C-alpha cells in the first residue's frame, strides 16, 4: 500500500510532507511525493529544483520510509497529477496542504485542493500550515 | 539655437497632462512586454495600432516611443534574472548579467543596466536632436535615384549583413516585397497579385501584416513550444550600486553609448553588432578580465548602454529619411503612413510639432523608465509568473479584433490568418522576420522612388546610376556583399581564426552547460527572438 502526498516548497507543503512521513511510518506504507508544475509559466517557485530535490531525498532517506519522488515538470496540472499517481498506485491515503484563499480568489483561480478532495477514490487528509488550536 | 527652441516647443506639447499620461502608459506597457520573452515592443505597437485611429497622432506616437524605449529596459531585466533574453539586443547582457544574478548580485546588475540605459538613452536622444536636422538638410537635396539606392542599401544590410543566413534573409525579404506589391499599380493602375480577389485591390493593410507577423505568428510559434521547465526566481531587492560598482560602470556606459548610437543611426541599424562590440571592448579594457564570464559588471553596463544608444540612433534614419531599420521603428512608420503623414525628409518641415513632441517625449520617457524600473524591478519580475496560455490567448484575441477594426471587412481576418501562418512558418524554418516586415514597408516606398527615377530618365535604366551618391552607395553595397566572402577566403587560406570573437562565442556556447546542473533548463526556444 502507499500514501501519496502533494508537495510544494511552502509552509503548507512542508506541513503536508511532515504529516505524510508520520502516516507512512505508522502504516508501514510506501510514500510517494508528487511535485509538479504545468510548465506554462516561465518562472514557477512551486517546482522543486535539483538542490531541493536532493535535500528532499536526504530528508526522506533519514526518516527511514520507503519513498518515491515524482517530479513532473510539464503537462498536466497538479490536481490531475496527484489523482493519476494515486490511482495508479492504488493509494490508501492522499495528504495535501491547504492554503487560505478568499472565495473570490478561488472563483478565479480554481482550487487544486478542492478537485483532489472531490475526485479522489480514497480518503484525503488535508491540513493547514499551522494548527490554530 | 533654432533646434533648441523647437525642442522646447516639443517639451511644451509633450508635458501636457494627457501626453504625460500616454508617455507613462507607454513606458509601463513597454517594460511589461520587454520583460516577457517572446513579446516584443514591435508586437505591442502592432497590436495597439488599431486603437490609435481615434487618438491624437502626437499622443499615439508618444506612447509608441515609450513602448520602444521601455522594451529595451524590460528586456534587460529578463536577461539578467532568467537568462532568457526578451530581446535580441539583450542577448549579450544575459552573458554577464545572469552570472551576476546567480552570484547574488542581481540588484547591482539591474541597477547598472537601468542607469546605463538611462545615461545612454539620454545621450543618444541628445545626439538624435543634433544629428537628425543635419541629416534632414542633406536628405532634402537627395534625388530619387540616390533615395532608391539608400533604400536598397538598408534592405541589403538588414538582410545580408546582420542576419545569420543570407539565403534565409533574402527569402524573407522576397516574401515581404511580394506582399508589398499586392494591389493596384500606383502609376498604371494595373492590378497586381490580386488573383481576382476584390479586397486585395487596395493592397494588404500594413496593420494587418504587422499584427499577423508579430502577434499571430509569434503566438502560434510559442503555443507550439509552450512546454518548458519553469525556472526559479532569483530573489532581488531594490536595485542599488556601491561605490566600486559606479566606478566600474560609468566608463563602459559612455563607451557603449559611443558604439551604439552610430550603429543605430546608420540606415543599416541593428543593436546586436554594437552590443557585441561593446562587450568585447570592455573585456579587453577591463582591469578585472578574470571576472568576465563569471559576472563582470562592465559586461552588463557596456552592452546595455550600447543597446539603448542604438535604439535612439535608429530613430535618426526613421525620422530623417523615413527609413526604419528595426521592427518597432517599421511599425511606428506604418502608423505615420496610416495617419496620412508622409514620412521622409520633409517630415521635419511639414510636421515640426509632431516630431519635436516625439523627441521631447523620448527624454521624458527615459526619465520615467528610470523611475519605474529602479525601485520596481522585483515587481516586474513577477510578470513572469503569468501562465502563458492566458497571455497568448489574450494576444490572439486582441490581434483579431485589431485586424478586423482596420477596415471592418471579414476578408482581412482571412488575410490575417494566412499571413499569421506564414509568420509561424518563418519562425519554424528559421527565417528572420525583420527583412520581411521591412520589405513590406520599404518596398512600396522604394518602388515609388524607382518609378520616379525612370520617369526622370524617360524609361532608361541608366537613370538608376545618374547621381554620384547613388553610384557610391551601389559600390558600398557591392563591397558589403563581397567583403565577408573575401575575408573568409583569406582567413581560410591563412588558417587563422579571430581569437577575440571565438573567445566570446565560446562562452555563449558554454551557457547551457552551466545551467543544466540546476534545473535542466535548456530549451531556449526564445532564442529565435526578433527585435
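Protein chains in written order, with my numbering: chain A, 393 to 525; chain B, 3 to 533.
Positions of the beta carbon are idealized from the N, C-alpha and C atoms, including for glycine.
Because the structure is a prediction, the values reported are computed rather than measured.
- At a C-beta separation below 8 angstroms, residue 196 of chain B has no neighbours in chain A, since its nearest C-beta there lies roughly 42 angstroms away.
- A direct Cα-Cα distance of roughly 15 angstroms separates residue 330 of chain B from residue 76 of chain B.
- About 5 angstroms separates the CB atoms of residue 414 of chain B and residue 210 of chain B; that is less than 8 angstroms, so the two are in contact.
- Rounded to the nearest angstrom, the Cβ distance from residue 468 of chain A to residue 430 of chain A is 7 angstroms, consistent with a contact under 8 angstroms.
- Interface residue (Cβ-Cβ distance to chain A less than 7 angstroms): residue 387 of chain B is classified as such.
- The beta carbon of residue 447 of chain A sits no closer than 7 angstroms to any beta carbon of chain B.
- Contact between residue 16 of chain B and residue 363 of chain B holds: their C-beta atoms lie close to 4 angstroms from each other, under 8 angstroms.
- In this chain, the beta strand (DSSP E) harbouring residue 422 of chain A covers 422-428.
- For the segment 433-457 of chain A, the set of positions with a beta-carbon nearer than 8 angstroms to some beta-carbon of chain B reads 433, 434, 435, 436, 437, 439, 441, 442, 443 in chain order.
- For the segment 377-401 of chain B, the beta-carbon criterion of a distance under 8 angstroms to any beta-carbon of chain A is satisfied by 383, 386, 387, 388, 389, 390, 391.
- For the C-beta of residue 429 of chain A, the chain B residues within less than 9 angstroms are, from N- to C-terminus, 231, 232.
- Ranked by Cα distance from residue 66 of chain B, the first of B/82, B/49, B/78 is B/49.
- Residue 416 of chain A: not part of any beta strand (DSSP E); member of the alpha helix (DSSP H) spanning 403-419, first to last residue.
- Setting aside the 5 residues that flank it on each side, residue 505 of chain A is surrounded in the same chain by 488, 490, 518, each with a C-beta closer than 7 angstroms to its C-beta; the list follows chain order.
- Distance from the Cα of residue 325 of chain B is smallest, within the candidate group B/21, B/292, B/151, for B/151.
- In terms of Cβ geometry, residue 299 of chain B and residue 108 of chain B do not form a close pair [threshold 7 angstroms].
- Counted as a single uninterrupted DSSP element, the alpha helix (DSSP H) harbouring residue 60 of chain B occupies residues 59-84.
- Cβ-Cβ distances below 7 angstroms link residue 187 of chain B to 194 in the same chain, with the five nearest sequence neighbours on each side left out; the list follows chain order.
- Annotation: residue 403 of chain A to residue 521 of chain A spans about 5 angstroms, alpha carbon to alpha carbon.
- Taking a Cβ-Cβ cut-off of 9 angstroms, the neighbours of residue 86 of chain B in chain A comprise 434, given in sequence order.
- If you draw a straight line from the Cα of residue 471 of chain B to the Cα of residue 291 of chain B, it comes to about 44 angstroms.
- Bridge pairing for residue 462 of chain A: A/426 [DSSP].
- Beta-carbon to beta-carbon, residue 86 of chain B and residue 434 of chain A are separated by about 7 angstroms, close enough to satisfy the 8 angstroms threshold.
- Bounds of the beta strand (DSSP E) holding residue 519 of chain A are 516-519.
- With a minimum length of 4 residues, the unbroken runs of alpha helix (DSSP H) contained wholly in the segment 182-229 of chain B fall at 208-212, 220-226.
- About 5 angstroms separates the Cβ atoms of residue 471 of chain A and residue 508 of chain A, confirming a contact at the 8 angstroms cut-off.
- Nearest Cα to residue 80 of chain B within the set B/39, B/120, B/111, B/60: B/39.
- If you draw a straight line from the Cα of residue 254 of chain B to the Cα of residue 115 of chain B, it is about 11 angstroms long.
- In the three-state reduction of the DSSP assignment, residue 17 of chain B falls in the coil class, being assigned neither a helical nor a strand state.
- Residue environment analysis places residue 249 of chain B among the exposed positions, since fewer than 16 neighbouring C-beta atoms fall within 10 angstroms of its C-beta.
- Only residues of its own chain outside the window of five on either side were considered, and among them 423, 452, 455, 457 have a CB closer than 8 angstroms to the CB of residue 413 of chain A, listed in chain order.
- Per the Cβ contact rule, the segment 399-419 of chain B is not in contact with the segment 299-319 of chain B (fewer than 3 Cβ pairs under 8 angstroms).
- Residue 169 of chain B counts as exposed, since fewer than 16 other beta carbons sit within 10 angstroms of its beta carbon.
- Per DSSP, the beta-bridge partners of residue 485 of chain A are A/395.
- By the criterion of a C-beta distance shorter than 8 angstroms, residue 438 of chain B is surrounded in its chain by 174, 175, 177, 178, 181, 215, 428, once the five residues flanking it on both sides are discounted.
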